[in-house]
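Q:
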Amino acid sequence: MSGYGLQLRKKPAAARPSLPPPAPGFGDAEEDDVEREIARQAAVNRAKKEVEAAHKKALEEDASIFDYDGAYDKFKVETARPLLQDRAERKSKYIEKLLDKAKEREREHEIIYEKKLLKERSKEDHLFAGKEKFVTSAYKKKLAEQAKWLEEERLRELREERDDVTKKSDLSDFYFNLNKNVAFGSRGAESSKGSRPETATDGSAERQDVQETQEQASPGRAPAPAPKNEADAPFRPPPCVPRPPEPAVPEQTSVPEKAADVEQASQEQQTGEHYKRSEDAVAAARARYLARKRAREQ
Numbered sequence: 001m002s003g004y005g006l007q008l009r010k011k012p013a014a015a016r017p018s019l020p021p022p023a024p025g026f027g028d029a030e031e032d033d034v035e036r037e038i039a040r041q042a043a044v045n046r047a048k049k050e051v052e053a054a055h056k057k058a059l060e061e062d063a064s065i066f067d068y069d070g071a072y073d074k075f076k077v078e079t080a081r082p083l084l085q086d087r088a089e090r091k092s093k094y095i096e097k098l099l100d101k102a103k104e105r106e107r108e109h110e111i112i113y114e115k116k117l118l119k120e121r122s123k124e125d126h127l128f129a130g131k132e133k134f135v136t137s138a139y140k141k142k143l144a145e146q147a148k149w150l151e152e153e154r155l156r157e158l159r160e161e162r163d164d165v166t167k168k169s170d171l172s173d174f175y176f177n178l179n180k181n182v183a184f185g186s187r188g189a190e191s192s193k194g195s196r197p198e199t200a201t202d203g204s205a206e207r208q209d210v211q212e213t214q215e216q217a218s219p220g221r222a223p224a225p226a227p228k229n230e231a232d233a234p235f236r237p238p239p240c241v242p243r244p245p246e247p248a249v250p251e252q253t254s255v256p257e258k259a260a261d262v263e264q265a266s267q268e269q270q271t272g273e274h275y276k277r278s279e280d281a282v283a284a285a286r287a288r289y290l291a292r293k294r295a296r297e298q
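Numbering (the UniProt record's numbering), first residue to last: 1 to 298.
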């Protein structure tokens, strides 16, 4: 509170002089360093405890979480497996064929060499006439294998010559195999599986037709009793339509010409039947396609 009147000026209090910093060798720096080191060690210990707790928790969740070598090996195996499989497939696809061809050429060379030796030996047979000849079992086995291989090669060449398309006189084989083509909806496997039962059924049906014909031809014979149930009745195929008679051949035609004409007519008829069958299949497929198209438009 300010007053009125004479105010005497007070002297300022003398400021306390600041002490100079202690000398490095005589101060408390050592104590500060000790405290700082203790705090650092406490922080390190606390971090170690946290790391150990996290490590323990991770091991409890997955025992192989720190198996880095196993993970690396697994990764490398998964990466290299497709390459190994590809190499193995190529080996089984190409190398085996090359090895088979090499064995075949080696067998051919052995046969040629054996024939050459036999030819040279035949020139010297007169020198060793009347003497015993010894042949080992291994050589006999080798000769038997060569003879077997030559027979297989001869049969294979005959099959190739028989199936050679350049030597076919007509397209009957082409139309015959047209129904077996998968592109035309063939069911070759199913037909091959059911071929034997159908053959047996056809044979029984033919025998039954012959029996019925004989019963009809003999009027004095009593007819066979009818089956009690329709399910027990045997299956009877529909009657076959008689084929039209073939045109008469003049008598002056020779036997070879007549046989050739009959064979050619049968081949033409078979070709026409197969061609007609393929046309019917195409027409049926086209009708199904148009029906589906009309159904979608509706």
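For every residue, glycine included, the Cβ atom is placed at its ideal position computed from N, Cα and C.
1. Using the three-state DSSP reduction, which class does residue 303 fall into: helix, strand or coil?
2. Which whole-angstrom value describes the C-beta separation of L178 and S278, a residue pair presumed to lie in contact below a C-beta threshold of 8 angstroms?
3. CA-CA distance, S64 and D32?
4. Kindly list the residues whose CB is nearer than 6 angstroms to the CB of I111, restricted to its own chain and excluding five residues on each side of it in sequence; keep chain order.
5. Quick one: Cα of R159 to Cα of V282, how far?
6. Whole alpha helix (DSSP H) runs in the region 64-135 with 4 or more residues, listed along the chain?
7. Are the region 99-116 and the region 142-156 in contact at 8 angstroms, needing three or more beta carbon pairs?
8. Going by DSSP, what residue range makes up the alpha helix (DSSP H) through S172?
9. When the Cα of R105 is compared with those of K10, R40, P12, E153, which residue comes out closest?
10. Have a look at residue 299 and Q41 and give me their C-alpha separation to the nearest angstrom.
11. Would you tell me roughly how many angstroms separate the C-alpha atoms of R296 and D280, rounded to the nearest one?
12. By Cβ distance, which residues of its chain are closer than 6 angstroms to A284, with the 5 residues on each side in sequence left out?
13. Just the Cα atoms here: how many angstroms apart are V249 and D163?
14. Helix or strand or just coil, what does DSSP make of A43?
15. Tell me which residues share the same chain as A129 and place their Cβ nearer than 7 angstroms to its Cβ, disregarding the 5 neighbours each side in the sequence.
A: Short version:
1. As shown, the chain starts at 1 and ends at 298. That puts residue 303 outside it, with no answer to give.
2. Taking the Cβ atoms as the reference, L178 lies roughly 5 angstroms from S278, within the contact range of under 8 angstroms.
3. 46 angstroms
4. Q146
5. 33 angstroms
6. Within the region 64-135, the complete alpha helix (DSSP H) runs of at least 4 residues are 68-90, 96-123.
7. yes
8. 172-176
9. E153
10. With the chain covering only 1 through 298, there is no way to say anything about residue 299.
11. 25 angstroms
12. none
13. At V249, the pLDDT of 46 sits below 50, so the modelled position is not reliable; the number obtained from the coordinates is stated separately. The C-alpha of D163 is placed about 33 angstroms away from the C-alpha of V249.
14. helix
15. none
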